[in-house]
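Notes to accompany the following structure.
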Amino acid sequence: KAGVTQTPRYLIKTRGQQVTLSCSPISGHRSVSWYQQTPGQGLQFLFEYFSETQRNKGNFPGRFSGRQFSNSRSEMNVSTLELGDSALYLCASMLAGANVLTFGAGSRLTVL
Amino acid sequence: ELKVEQNPLFLSMQEGKNYTIYCNYSTTSDRLYWYRQDPGKSLESLFVLLSNGAVKQEGRLMASLDTKARLSTLHITAAVHDLSATYFCAVRSGNQFYFGTGTSLTVIP
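Right, dumping it as structure tokens:
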């Protein structure tokens, strides 16, 4: 059974650019969440989608956005990148009614 | 906003010793999770605790939950090097998970 797949795994951008990260959840999982992990701030919740609807949003500026497609795949976008956006971005999926988040390997973004 | 605090943040312990990691959270919840993260890797689910008094054990790790005290503990028995990792607790409120700051554990031979 395939796990949560995130692409790309690593990327380098410069300030002011934008980036799109992709997440394919485990088959059958309709809930997809995104987290930002940095050494200083730990794991911070970005947003959660279920059946193409954003159900929850964390305390991040509007430069961070996301969406979910009908096949449950999700993308997140960060526009006008800042140095502080350098982080590991983790996607997690969950089966409806279940209790465990399953995480992908993450996308490591470096902003220069 | 729900707050989750872990302590200690860093833990260096000798092989064979016992220790406990603590996880406190700020609001009522009966769903507490423990995850493990190895350097450069993603998070792996260790335990899911779903009721007051829940206790789960896997190998040298044992997790417990006291919802009245809003406290969960992760106890390490006779530590071995393979347990070196960062451990996170998380509390679920609705559909959102709130993670603690993590405890970086290093087991020294």
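If you read the protein sequences in the order shown, they are chains P and U. Reminder that position 15 of the first sequence reads as 95 in the numbering used here, one-by-one numbering, no gaps. Reminder that position 27 of the second sequence reads as 295 in the numbering used here, one-by-one numbering, no gaps. Even glycine gets a Cβ: it sits at the ideal position worked out from N, Cα and C. Quick caveat: nothing in here was measured; it's all calculated off a predicted structure.
Just mark residue i as buried or exposed, buried being the case when its beta carbon has 16 or more other beta carbons within 10 Å.
i	result
P:Arg-143	exposed
P:Asp-165	buried
U:Gln-274	buried
P:Tyr-90	exposed
P:Pro-105	buried
P:Gln-98	exposed
Considering just the uninterrupted stretch of the beta strand (DSSP E) at residue i, what are its terminal residues?
i	result
U:Asp-334	329-334
U:Arg-360	353-361
U:Phe-367	364-367
P:Phe-140	Segment: none, P:Phe-140 is in no beta strand (DSSP E) and carries neither H nor E.
U:Ile-376	371-376
P:Ala-167	167-174
If you draw a straight line from the C-alpha of residue i to the C-alpha of residue j, how long is it?
i	j	result
P:Gly-120	P:Gly-177	33 Å
U:Ala-337	U:Trp-302	17 Å
U:Arg-299	U:Val-316	7 Å
U:Gly-362	P:Val-180	13 Å
U:Leu-339	P:Lys-93	41 Å
P:Arg-95	U:Gln-282	44 Å
P:Val-158	P:Thr-133	19 Å
May I ask you to list the residues that DSSP assigns as paired with residue i?
i	result
P:Thr-85	P:Ser-104
P:Phe-149	For P:Phe-149, which the question treats as bridged, DSSP gives no partner whatsoever.
P:Glu-128	P:Ser-113, P:Asn-136
Which ranges would you report for the beta strand (DSSP E) in the segment 292-327 of chain U if only whole runs of at least 3 residues count? Within the segment 292-327 of chain U, the complete beta strand (DSSP E) segments at least 3 residues long are 300-305, 311-317, 323-326, listed from N- to C-terminus.
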